[in-house]
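S.K.: With the sequence shown counted from 1, adding 19 to any position gets you the numbering used here. Built from N, CA and C at the ideal position, the CB exists for glycine as well. Small disclaimer: the values here were computed from a predicted structure and weren't measured.
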Amino acid sequence: MVFSSLLFLTLFLPLTLIFYYLLPERFKNVLLLAVSLVFYAWGEPTHIILMLVTTVYIWFLTMMMERYIHQGKIGIARILMVLSLIFSLGTLAYYKYFGFILENLPFLQKLALEAPALPIGISFYTFQALSYVIDVYRGDVKAQKSWVNFAMYISFFPQLIAGPIVRYSDVQNQLKHRNHSVKNCYFGTIRFTMGLAKKVLLANQIGRLWEQISSMHQLSTMGAWLGAVAFALQIYFDFSAYSDMAIGLGRMFGFHFPENFRYPYESKSITEFWRRWHMTLGTWFREYVYIPLGGNRKGKARLVMNLFVVWALTGLWHGAAWQFLFWGIYYFVFLTMEKFFLLRWMEKWPGVVQRIYTLLVVVVGWVMFACPNFGTAWNFYKAMLGIGVPFADQSALFALTGNALLLVILVLGATELPKRYARRIRCAMKPACFEWLSYGTAVILLWGSIAFLVADSYNPFLYFRF
Numbered sequence: 020m021v022f023s024s025l026l027f028l029t030l031f032l033p034l035t036l037i038f039y040y041l042l043p044e045r046f047k048n049v050l051l052l053a054v055s056l057v058f059y060a061w062g063e064p065t066h067i068i069l070m071l072v073t074t075v076y077i078w079f080l081t082m083m084m085e086r087y088i089h090q091g092k093i094g095i096a097r098i099l100m101v102l103s104l105i106f107s108l109g110t111l112a113y114y115k116y117f118g119f120i121l122e123n124l125p126f127l128q129k130l131a132l133e134a135p136a137l138p139i140g141i142s143f144y145t146f147q148a149l150s151y152v153i154d155v156y157r158g159d160v161k162a163q164k165s166w167v168n169f170a171m172y173i174s175f176f177p178q179l180i181a182g183p184i185v186r187y188s189d190v191q192n193q194l195k196h197r198n199h200s201v202k203n204c205y206f207g208t209i210r211f212t213m214g215l216a217k218k219v220l221l222a223n224q225i226g227r228l229w230e231q232i233s234s235m236h237q238l239s240t241m242g243a244w245l246g247a248v249a250f251a252l253q254i255y256f257d258f259s260a261y262s263d264m265a266i267g268l269g270r271m272f273g274f275h276f277p278e279n280f281r282y283p284y285e286s287k288s289i290t291e292f293w294r295r296w297h298m299t300l301g302t303w304f305r306e307y308v309y310i311p312l313g314g315n316r317k318g319k320a321r322l323v324m325n326l327f328v329v330w331a332l333t334g335l336w337h338g339a340a341w342q343f344l345f346w347g348i349y350y351f352v353f354l355t356m357e358k359f360f361l362l363r364w365m366e367k368w369p370g371v372v373q374r375i376y377t378l379l380v381v382v383v384g385w386v387m388f389a390c391p392n393f394g395t396a397w398n399f400y401k402a403m404l405g406i407g408v409p410f411a412d413q414s415a416l417f418a419l420t421g422n423a424l425l426l427v428i429l430v431l432g433a434t435e436l437p438k439r440y441a442r443r444i445r446c447a448m449k450p451a452c453f454e455w456l457s458y459g460t461a462v463i464l465l466w467g468s469i470a471f472l473v474a475d476s477y478n479p480f481l482y483f484r485f
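(1) Is V219 closer than 8 angstroms to S23 when the C-beta atoms are compared?
(2) Could you tell me the alpha carbon to alpha carbon distance between L326 and A181, rounded to whole angstroms?
(3) With DSSP collapsed to three states, give me the class of W303.
(4) At 4 residues or longer, and completely inside the stretch 376-421: list those alpha helix (DSSP H) runs for me, N to C.
(5) Looking only at its chain, what residues have a beta carbon closer than 7 angstroms to the beta carbon of V190, apart from the 5 residues adjacent to it on each side?
(6) Tell me whether N168 sits in a helix, a strand or coil according to DSSP, three-state version.
(7) Since Y151 and Y116 are thought to touch, with beta carbons under 8 angstroms apart, how far apart are those beta carbons, to the nearest angstrom?
(8) Just how far apart, CA to CA, sit L3 and F258?
(9) Which one of L252, F276, I310 has the shortest CA to CA distance from S262?
(10) Any chance the stretch 422-440 sits against the stretch 366-382, with 3 or more Cβ pairs inside 8 angstroms?
(11) What did DSSP end up calling A451 once you bin it into helix, strand or coil?
(12) Compute the Euclidean distance between the alpha carbons of E85 and K161, then round it to the nearest angstrom.
(13) Going by beta-carbon coordinates alone, are W330 and G347 separated by less than 8 angstroms?
(14) Can you check whether the CB of G269 is closer than 8 angstroms to the CB of Q178?
(15) Runs of 4 residues minimum, wholly inside the stretch 50-78: which ones carry the alpha helix (DSSP H) assignment?
(16) Taking the beta carbon of R210 as the centre, do at least 16 other beta carbons fall within 10 Å, making it buried, or is it exposed?
(17) Would you mind working out which of H199, Q224, V167, H66 sits nearest L425, comparing C-alpha positions?
(18) Rounded to whole angstroms, how far is the Cβ of M403 from the Cβ of A260, which I believe are closer than 8 angstroms?
(19) Which class does V372 belong to by DSSP, given the choice of helix, strand or coil?
(20) According to the neighbour-count rule (16 or more other Cβ atoms, all chains shown, within 10 Å of its Cβ), is A418 buried or exposed?
(21) Hey, how far is the Cα of E366 from the Cα of E357?
(22) Count the other C-beta atoms from every protein chain shown that fall within 10 angstroms of the C-beta of N279, then say buried if there are 16 or more, exposed otherwise.
(23) Taking DSSP as the reference, what is the three-state secondary structure of D257?
(24) List the whole-angstrom C-beta distance separating A247 from W385, where the pair is believed to meet the contact cut-off of C-beta under 8 angstroms.
(25) Could you spell out the range, first to last residue, of the alpha helix (DSSP H) harbouring V155?
(26) Determine, using beta carbons only, whether I184 and W303 come nearer to each other than 8 angstroms.
(27) How long is the line joining the alpha carbons of F38 and M83, rounded to whole angstroms?
(28) What's the call for Y440, buried or exposed, on a 16-neighbour Cβ count within 10 Å?
(29) Closest to Y282 by CA distance: which of Y307, F353, L252 is it?
(30) Mind the definition here: the stretch 102-117 touches the stretch 67-76 only if three or more C-beta pairs lie below 8 angstroms; say whether that holds.
(31) Mark N198 as exposed unless 16 or more other C-beta atoms lie within 10 angstroms of its C-beta, in which case mark it buried.
(32) Could you tell me the boundaries of the alpha helix (DSSP H) in which A423 lies?
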C-alpha cells in the first residue's frame with residue numbers, strides 16, 4: 020500500500036484517524052501498531068514475520084544490554100550489542116545483497132541457490148533498529164520497556180516504507196506523550212496534501228517523460244539530456260513528496276519527524292547538496308559510520324579512507340548492483356576534491372556558476388542511478404556527449420515542446436521561490452484568512468490528485484527499489 024493510492028486515501032487513512040481520535044490515550048499506540056502491521060502486510064504478507072522477529076529480538080537484547088551496563092558488566096553488554104548488530108546487518112545483507120553475491124561468484128551458482136525477494140522498507144527499518152541499539156549502548160537513550168511502543172517505533176506506517184529515517188532519540192518522548200490538537204492535525208493535513216500533489220500531479224507526470232525517453236532505441240544528445248533532467252526532477256519530487264506525506268501523517272498523530280529535504284537543487288556545491296538531500300540518511304551515516312571511524316580527526320589519509328567507506332556504503336545502501344557502488348564512489352571523488360581544494364577555488368566563482376557545476380554533477384550522476392546496468396548507462400552517457408548520435412531529432416523536439424510548461428513548473432517548484440511567495444501572501448493577509456486559503460488550496464489539490472489517480476493507473480514510486 021502506498022500513500023498515493025485510492026485505498027489509502029479513501030479507506031485506510033480516514034478509518035485510522037477516526038478510531039485514533041476516538042480511542043483513549045492508553046490505546047492509541049496499540050492502534051497505531053496494529054494499523055502499521057496491516058499497512059505493511061498489505062504489500063508484504065510474508066515478510067511481516069521478519070519485521071516482527073527483528074523487533075522482538077532487538078527489543079529483548081537491548082533491554083538485557085542496558086541491564087548489564089547498569090551492573091557494570093560492559094563486556095557482556097558489548098557482546099549483546101554485537102549480536103544485535105550481526106542479526107540486523109546479517110538480515111539486511113541476506114535479503115538485499117545475497118542475489119548480488121550469487122551473480123558475481125560463479126562457484127555459488129553451481130549450488131542452485133536462489134536469491135530471496137527483497138522486503139519493502141527493510142533498509143529503512145533496519146537502520147532505525149541499528150541506531151536504537153547503538154544509542155542505548157552509548158547511553159544516549161534509555162531502552163524502551165514497552166514492546167508495543169518499540170514495535171510501533173520500528174513499524175510506524177508513515178515512515179516505514181521510505182523514511183525519513185527517524186532516530187529513536189527524535190521520538191522517544193513522543194512515544195509516551197504527544198500533543199493531539201486541531202492545529203497539529205491541520206498542519207499535518209496541509210503538509211500531507213502538498214506532498215500528495217507533488218507526487219501525483221508533478222512527479223508522476225515528469226516520470227512519463229523519463230520512461231518515454233529511456234525506452235527509445237536511438238537517442239539524440241538533446242533527448243539524452245532531456246531524459247537526464249526529467250529523471251532528476253522525478254526522483255526529487257517523488258522522494259521529497261513521500262517525505263512530505265510522511266511528515267504530515269506523523270503530525271496528524273502528534274509526531275514531529277525530522278525534515279528530509281531542503282531544496283537540494285539550489286546547492287552551490289556537492290557538499291551542500293548532500294546536506295540538503297535525504298538529510299536523515301546523511302545524518303545516520305555521519306553519526307554511526309563516519310564519526311566512529313575517526314571522521315576528519317586522524318589525518319588526511321584516514322579522512323579519505325573514511326569518506327570512501329561512507330560513500331561506498333551509501334551507494335550499496337541504495338541498491339545491490341555495481342552501478343550503485345560506482346555511483347557512491349562518484350560522489351566520494353567530488354566530495355574529496357571539494358574538501359581538499361575545490362571548495363576554496365569555488366569561493367571565487369559567481370554563485371550561478373557554482374550552481375551550474377553542482378547541477379551538472381548531480382544530473383550526470385542520476386543517469387548511473389537510473390539505468391539498470393552499466394551498458395545502458397554508458398550508451399546514455401555517449402548520447403549526452405554527442406558520440407555517434409545527432410544533436411537533436413524530431414522525437415526529442417516533440418518531447419521538449421510537449422513538456423515545456425511542466426518542466427518550467429517543476430524547475431520553479433524545486434526552488435524556494437514558491438515558499439517565499441507564500442510567505443509574502445501570509446504577511447499580507449490576516450492569519451485566519453490565510454489558514455482558510457491554505458485549507459481551500461489543500462482541498463482543491465486533494466481532489467485534483469484523486470481525480471488523476473482515478474483516471475490514470477500510472478503511479479510508480481522509485482524508492483520501493485531501495
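M.R.: Quick answer:
(1) yes
(2) 24 angstroms
(3) helix
(4) 393-404, 413-421
(5) Y172, F274
(6) helix
(7) At roughly 22 angstroms, the Cβ-Cβ gap does not stay under 8 angstroms, so Y151 and Y116 are not in contact.
(8) This structure cannot settle anything about residue 3, because the visible part of the chain is limited to 20 through 485.
(9) F276
(10) no
(11) helix
(12) 8 angstroms
(13) yes
(14) yes
(15) none
(16) buried
(17) Q224
(18) That pair is no contact at about 27 angstroms.
(19) helix
(20) buried
(21) 11 angstroms
(22) buried
(23) helix
(24) 6 angstroms
(25) 141-157
(26) yes
(27) 35 angstroms
(28) exposed
(29) L252
(30) yes
(31) exposed
(32) 423-432
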